[in-house]
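>
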Amino acid sequence: MIALVDCNSFYCSCERLFRPELAGKPVVVLSNNDGCLIALTPEAKALGLEMGTPLFKARSLIEAHGVEVFSSNYTLYADLSSRVVATLRTFAEEMETYSIDESFLKFSPGVTDYEKLGRTIKKTVKQHTGIPVCVGMGPTKVLAKLANRLAKKRPEYGGVMIMPEGREREEILRSVEVGAIWGIGSQLTARLSAIGCLSAWDLAAMNEEATRRVLSVTGARIAAELRGISCLEIEEIAPAKRNIVTSKSFGQAVTCKTEMAEVVATYMSRAAEKMRAEGTVTSCIRVFVETNHFQSKDPQWSGAASVTLDTASNYSPELITASLRALEACWREGYRYKKAGVMLLDLHDAGAVQTSFTTLGPEQQAKRDAAMRMLDAVNKQHGRGAVTVAAAGLAPAWRMRREKCSPRYTTRWSELREVKA
DNA sequence: TCTGGGGTCCTAGGACCC
DNA sequence: TCTGGGGTCCTAGGACCC
Numbered sequence: 002m003i004a005l006v007d008c009n010s011f012y013c014s015c016e017r018l019f020r021p022e023l024a025g026k027p028v029v030v031l032s033n034n035d036g037c038l039i040a041l042t043p044e045a046k047a048l049g050l051e052m053g054t055p056l057f058k059a060r061s062l063i064e065a066h067g068v069e070v071f072s073s074n075y076t077l078y079a080d081l082s083s084r085v086v087a088t089l090r091t092f093a094e095e096m097e098t099y100s101i102d103e104s105f106l107k108f109s110p111g112v113t114d115y116e117k118l119g120r121t122i123k124k125t126v127k128q129h130t131g132i133p134v135c136v137g138m139g140p141t142k143v144l145a146k147l148a149n150r151l152a153k154k155r156p157e158y159g160g161v162m163i164m165p166e167g168r169e170r171e172e173i174l175r176s177v178e179v180g181a182i183w184g185i186g187s188q189l190t191a192r193l194s195a196i197g198c199l200s201a202w203d204l205a206a207m208n209e210e211a212t213r214r215v216l217s218v219t220g221a222r223i224a225a226e227l228r229g230i231s232c233l234e235i236e237e238i239a240p241a242k243r244n245i246v247t248s249k250s251f252g253q254a255v256t257c258k259t260e261m262a263e264v265v266a267t268y269m270s271r272a273a274e275k276m277r278a279e280g281t282v283t284s285c286i287r288v289f290v291e292t293n294h295f296q297s298k299d300p301q302w303s304g305a306a307s308v309t310l311d312t313a314s315n316y317s318p319e320l321i322t323a324s325l326r327a328l329e330a331c332w333r334e335g336y337r338y339k340k341a342g343v344m345l346l347d348l349h350d351a352g353a354v355q356t357s358f359t360t361l362g363p364e365q366q367a368k369r370d371a372a373m374r375m376l377d378a379v380n381k382q383h384g385r386g387a388v389t390v391a392a393a394g395l396a397p398a399w400r401m402r403r404e405k406c407s408p409r410y411t412t413r414w415s416e417l418r419e420v421k422a
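Residue numbers (my numbering): 2 to 422.
Set out below in structure tokens:
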């Protein structure tokens with residue numbers, strides 16, 4: 002049996018944890034740059050607010066009902082996520098942390114009462130971390146995902162749902178739209194409904210040849226999982242990332258190249274830091290710049306350029322130099338840029354670097370590695386950006402908007418919650 | 001005025017090889 | 001009038017997820 006444990010309105014729950022007076026009140030959390038609504042409590046959804054809506058379109062509803070609004074505070078969410086994961090780990094024999102708010106758990110044999118186990122997990126996570134979760138269980142990942150969705154959507158389950166077998170399962174699958182299945186998005190839903198496949202049961206009942214033809218191999222796997230045949234393994238150790246992207250839109254449009262160079266240097270520093278944490282190196286980087294495509298009256302441009310390195314590297318100064326060369330190649334003067342990004346492609350293990358005539362000697366390489374370790378350690382301890390490269394500039398105007406950000410309650414001594422007693 | 005960010009996997013088609 | 005067959009590798013684009 003596999004369980005999927007999913008935190009309820011996770012970002013909102015994190016914000017509420019330190020603002021208990023918000024329990025039962027509508028709360029939303031915004032995307033980067035305070036752009037869109039990306040997390041909503043049920044109370045906020047009940048007012049008609051929807052995931053993905055731009056803030057400016059939701060403003061009147063938010064103000065009319067006194068909805069509490071937060072900028073996203075990933076430092077806080079990541080820390081609380083790790084606490085939830087640590088609690089879940091005590092219940093599972095195998096576990097996969099699927100996203101910041103979801104984990105798959107596999108139990109040791111001998112469990113007899115899954116319903117009871119599910120309730121214990123839910124209660125314990127709440128008690129240890131303050132975060133409410135729902136638990137869904139089934140013999141495959143897709144069925145566990147579905148059980149979790151039902152646990153969340155159908156009040157009769159009380160937040161814990163165990164996928165039944167046989168006739169009962171058939172009835173449940175018949176009552177679920179095919180688009181509600183994990184891995185079946187809007188395009189595939191349209192393709193399926195065109196051939197009369199409307200419910201989860203219809204998909205499970207399709208023959209393999211047909212699912213493969215209509216949905217390709219990924220779809221065929223999903224259909225098999227719906228039948229209870231496991232095709233998706235629990236991945237306890239996340240494989241190293243193959244690509245790393247750092248991109249963000251700006252609080253204020255960027256129009257001059259020197260400013261854009263600061264953006265690119267800043268994003269590259271961050272991307273390189275992520276890469277070093279993964280223990281990988283890159284031999285190909287890409288930079289892109291974009292105007293605001295929502296502003297259709299403005300002239301539009303989106304450019305991108307790649308640079309290949311002779312020897313794969315994770316040394317920030319070298320990567321920044323390369324990224325600025327890429328910027329030279331994709332920059333066009335005279336536009337109002339809204340977004341830029343850097344991509345690290347073709348990542349490999351740092352221990353298996355292909356050398357060339359220009360590769361550094363071991364001593365010089367060791368010096369670079371030590372410098373980067375020091376840089377990362379300082380920034381980890383003192384907060385992101387405590388030490389940066391000069392090319393990143395100071396106090397930039399393009400930095401993202403975060404007007405309603407809560408304190409880093411759990412990771413900064415100076416931002417601890419104060420309680421009067 | 002204001003519209004997120006970061007990933008993965010699969011397929012089709014072109015380039016290239018013998 | 002006639003113009004092979006069978007591979008591999010790479011990339012772009014589309015689909016999905018949270």
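Positions of the beta carbon are idealized from the N, C-alpha and C atoms, including for glycine. Predicted model only: the values in this text are computed from it and were never measured.
I want to know whether the segment 234-245 touches the segment 155-168 - three or more CB-CB distances under 8 Å.
no
> Are the beta-carbon atoms of G167 and L151 separated by less than 9 Å?
no
> Would you kindly work out how many angstroms separate the C-alpha atoms of V265 and V390, rounded to a whole number?
12 Å
> Can you list, in chain order, the residues of its chain with a C-beta nearer than 7 Å to that of A393? Leave out the 5 residues immediately preceding and following it.
E263, A266, T267, S270
> Determine the direct distance from the alpha carbon of A40 to that of N74, and round the result to whole angstroms.
12 Å
> Kindly list the residues whose CB is nearer than 7 Å to the CB of A327, restricted to its own chain and excluding five residues on each side of it in sequence; keep chain order.
Cβ neighbours of A327 beyond the five flanking positions: I286, R287, V288, A306, S307, V308.
> Three-state secondary structure (DSSP) at V390?
V390: coil per DSSP, three-state reduction.
> The beta strand (DSSP E) that contains F71, what's its start and end?
69-71 is the extent of the beta strand (DSSP E) around F71.
> Report the start-end ranges of each beta strand (DSSP E) in the segment 198-266 that is 3 residues or longer and not cut off at the edges.
245-255
> Would you say M2 and Y99 are within 9 Å of each other, going by their C-beta atoms?
no
> So, under 8 Å CB-CB, G229 and T141 are touching, yes? Tell me the CB distance rounded to an integer number of Å.
6 Å
> Between the segment 402-416 and the segment 59-72, can you find at least three pairs of beta-carbon atoms closer than 8 Å?
Yes, the segment 59-72 touches the segment 402-416.
> Are the CB atoms of T54 and C13 nearer to each other than 9 Å?
With respect to C13, T54 sits apart: the two C-beta atoms are not nearer than 9 Å.
> Taking a contact to mean a Cβ-Cβ separation below 9 Å, would you say T281 touches A351 in this structure?
yes
> How long is the line joining the alpha carbons of K421 and A205, rounded to whole angstroms?
So the alpha carbons of these two residues sit roughly 57 Å apart.
> Could you give the distance in angstroms between the alpha-carbon of V343 and the alpha-carbon of G49?
36 Å
> Nearest to Q296 by alpha carbon, out of Y338, R192, K275?
Y338
> What is the rounded straight-line gap between the Cα of P300 and the Cα of C257?
15 Å
> Could you check where the beta strand (DSSP E) with D7 kicks off and where it finishes?
3-8
> Does the distance from the C-beta atom of A273 to that of L345 stay below 9 Å?
Taking C-beta atoms as the reference points, A273 and L345 count as a pair closer than 9 Å.
> What does the alpha-carbon distance come out to for the pair H129 and R409?
Roughly 19 Å separates the two Cα atoms.
> Please report the straight-line C-alpha distance between E94 and V218, rounded to a whole angstrom.
29 Å
> For the alpha helix (DSSP H) containing S82, name the first residue and the last one.
75-90
> Any idea what DSSP makes of A313, helix, strand or coil?
In the structure shown, A313 sits in a strand (DSSP, three-state: E or B).
> In terms of alpha-carbon separation, which member of C15, Q253, R400 lies closest to R84?
C15
> Over the uninterrupted beta strand (DSSP E) stretch that includes K146, give me the two end residues.
Per DSSP, K146 belongs to no beta strand (DSSP E); it is in the alpha helix (DSSP H), 142-154.
> Specify, as a first and last residue, the run of the alpha helix (DSSP H) that S61 falls within.
Segment 56-66, the alpha helix (DSSP H) holding S61.
> Considering just the uninterrupted stretch of the alpha helix (DSSP H) at V379, what are its terminal residues?
363-383
> Could you check the C-alpha separation between H294 and W332 for me, to the nearest Å?
17 Å
> List the residues that DSSP assigns as beta-bridge partners of M426.
The structure shown does not extend to residue 426, since the chain is modelled only from 2 through 422, so no value can be given for it.
> For D350, list the residues DSSP reports as bridge partners.
T281
> Taking buried to mean at least 16 other C-beta atoms within 10 Å of its own C-beta, is F11 buried or exposed?
Label assigned to F11: buried.
> For a quick check, are the C-beta atoms of D102 and C8 less than 9 Å apart?
Yes, these two residues count as a Cβ contact at 9 Å.
> Can you tell me whether A45 is buried or exposed? The criterion is at least 16 other CB atoms within 10 Å of its CB, across all chains shown.
buried
> In the DSSP assignment, what residue or residues form a beta bridge with F105?
Answer is L5, E97, bridged to F105.
> Measure the Cβ-Cβ separation of S303 and D347 and say whether it is below 9 Å.
no
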